[in-house]
Each structure stands twice: as structure tokens, then as C-alpha cells.
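Here is the structure we will look at, set down as C-alpha cells.
In our numbering, the protein residues as written are 257 to 654.
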């Protein structure tokens, strides 16, 4: 050396210019572990059954016509402000009487208090699910309570690295605490770049577990994909999650299309007191990577051994506009599909804690703020029955 630093390789210089929100690529031992995964082949993680294709089907032109059609754009947002639960922080100050309490704060973010452990799934407190502060899907309602108002969190569980599930400002807010992070393989590279210590990371492949006190967390399969940057290398895994305590069991689906593996997860870990199931942001243009509400109810039944049981908590709806369907449609369709199946469903307003063993929040609160819906999913008679369908509490019709 002559006193002038040698120029850095071009790749290193470009990496230094990469926006922080894009995260980081796996390298070193983390990358080697990814390559050894039985779910990684030909340079990419694969979905159950060995498939890797996650591209939307159909014509991009046809999708644009549907997405930007004026009358449908109007229905994709509420007509009036979304009602939030006003006492979230106060309600969380007392421990759950039954040992299990859940608080849905919007989209896929849920605080699960289970057998003394406080688990926060996919926390998104940012204003947009986007790498930019000035563009991208914006929240349709405020967060019900500040992140700090939730109280101490023992572990944050991440399902995958998409912006509506892995939020940079939220991770940075939690990185300075004692919170542990459980994430699928490869996601730890993002978390480390944002300030999470490697000693507080638990990175798991499908069907691997970690134990925190007397509660076991297991990463289970899902049918989805990954990616945050300009190049989607499929080098971070996506997962659903099982959390099993001495007395209770819960399941969080993350994002997923419907697949037969729900039955296997249920056989290995179920039945569950609560399943948190993705029922929003579906479309005929991407049927393999997101579930419709009817598929979500079917997934819950599979997880429960093929019969109604436990409580279904619908997630991944109500907070961001991410698909062509009407804003209130996931809630209304889930309500209908669950009624057909005889399945109990909780419909809390964002921020309202509830205990599955106690009285459930079942009021269709979205009806008071929704544009009128067209119930295109309703059939003349429920599946598997011979009597006409009825709706004892019909929603307003257009």
C-alpha cells in the first residue's frame, strides 16, 4: 500500500449504495446452510412439492384493467375511518386469565400471549409496506397502539421477507431490546443488517424447532415466495409457524396458497386452540400463493384434523390495499364460509385483545364503514348439504 486505500471491488461499492430497506444477501456460513437445505435446489428455495414458480398467471394487461377500474378502486378502501379498539395498552396490562390471549393489530401482525410467553408475529408498525417512505401501499388505519405500549415482547416471529411482513422501522425499534427473533432461513441477513445481534437470532428451516423457556416454536411449510430487492434470488425461505406451550398451541400461516401440507402440519402439531390464517390479498391472477377466504377456512379445518375445532382468527386483510378484491370482502366471505363449515371465528377490531376460551368478538364491524358489497361467492346451497343457504344476519346489499 502507498497510503492510498485500494479501490473496493465494484460489487462491494454497489452493495454500499443499496437502500437499507432492501436488507442484505446471505453470505458465508448462512449461505452454505441455505445451500444444504433439502428445500433449496438449482439456486432457489422450492415450494412444497418441489415447485419454484410464483409468477402471477394471466395477462398483465387484463390485471391492470381490473386493478385500475374506477368503481372497483373505490371498493378497495373503506368508505369511512376504520374503528379501532381504544384501550389496547390498558387491556394488555393484565395477564390473560386463561393463559392464552391474542391481539390482532392489523394485517398479519398479532401479539400472542401463550403460557407466559409473549410472541409478536410479523409486526408492521410502519406507514407503508414499501422500501420507500413516499410510495407504496399505505396503511388504511393507524396502528391501534404504539409498539412500546404492547409491553415487553419475548420473541418476534417473522414468516417471510416481504415488506408487509418484515418492516424495517419496526425491526429497528425492537433491535435495541432484549427481544429474540425467530425467522426462516436467510432472513437473518436482513435482521443483522438492521441491528439485531446474531446471538438473538433463531433461523430455522422447515420442520426445525427452537425452544424459548418451555415454549417450542417450529417453522412449518408454506406455499409462497420471497424477495425485497431489485433481484429476487429466492435465497430466503418463507414459512408458517407453530407455537406450542405446555397448555396451548397456536398456528400462524404467514402468506401461503392452499396446499395439502396443512393436513400434515395438523397431524404433527395440532389440533390448535387458535389458527391465524391469511384470508386477504387473493386474486385469480396469483391463485397458488395466496388463499381465498374459503380456502382459508378449509386450511383451518385441515389443521384441526378435518373437522371444526378451535378458533380461526383471519389475518392479512383490512390494513393495506394489495389486491383487486373489495376491502370488506375477506371478512364477509370468511364469515359465510365459516358458517357453512360450523367453525368458530373471531373478528376483533384492530387492537382488541381476546381470549379464545372466553367470549369471542364476532360482530361484523367492517359493515359500518364499508362500501356495499357484491357477494359473488354465495351459492344457492352450502357445499355438502341439501338445504338452501340462509344468512341470519345479511350484509347491506348494493
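Every residue, glycine too, gets a C-beta built ideally from N, C-alpha and C. Treat the numbers as computed from the prediction; the structure is a model and nothing was measured.
When DSSP builds the beta bridges, which residues end up paired with residue i?
i           : result
residue 534 : 571
residue 459 : 439
residue 377 : 366, 413
residue 466 : 473
residue 610 : 358
residue 384 : 394
Residues in its own chain within less than 7 Å of residue i by CB, not counting five upstream and five downstream?
i           : result
residue 275 : 387
residue 321 : none
residue 360 : 366, 569, 571, 604, 606
residue 454 : 448
Can you give the Cα-Cα distance for residue i and residue j, rounded to whole angstroms?
i           : j           : result
residue 279 : residue 596 : 43 Å
residue 548 : residue 554 : 10 Å
residue 410 : residue 544 : 33 Å
residue 580 : residue 385 : 17 Å
residue 452 : residue 381 : 17 Å
residue 418 : residue 483 : 6 Å
residue 355 : residue 540 : 40 Å
residue 438 : residue 501 : 16 Å
residue 427 : residue 447 : 7 Å
residue 634 : residue 590 : 11 Å
residue 350 : residue 294 : 43 Å
residue 613 : residue 370 : 12 Å
residue 449 : residue 429 : 14 Å
residue 585 : residue 284 : 45 Å
Can you list, in chain order, the residues of its chain with a C-beta nearer than 6 Å to that of residue i? Leave out the 5 residues immediately preceding and following it.
i           : result
residue 619 : none
residue 344 : 400, 401, 607
residue 374 : 409, 410
residue 485 : 278
Kindly indicate which three-state DSSP category residue i falls into: helix, strand or coil?
i           : result
residue 496 : strand
residue 639 : Legend: pLDDT at residue 639 = 38, less than 50; position of this residue unreliable, no value from coordinates given.
residue 430 : helix
residue 476 : strand
residue 297 : strand
residue 508 : strand
residue 396 : coil
residue 360 : strand
residue 601 : strand
residue 274 : coil
residue 634 : coil
residue 629 : coil
residue 502 : coil
residue 590 : helix
Since residue i contacts residue j with CB under 8 Å, what's their CB separation in whole angstroms?
i           : j           : result
residue 563 : residue 557 : 7 Å
residue 521 : residue 498 : 7 Å
Using a Cβ-Cβ cutoff of less than 8 Å, which residues in the same chain neighbour residue i once the five nearest sequence positions on both sides are dropped?
i           : result
residue 621 : 339, 603, 605
residue 383 : 389, 394, 395
Establish whether the CB of residue i and some CB of chain D are separated by less than 8 Å.
i           : result
residue 453 : No chain D appears in the structure shown, which is made up of a single protein chain.
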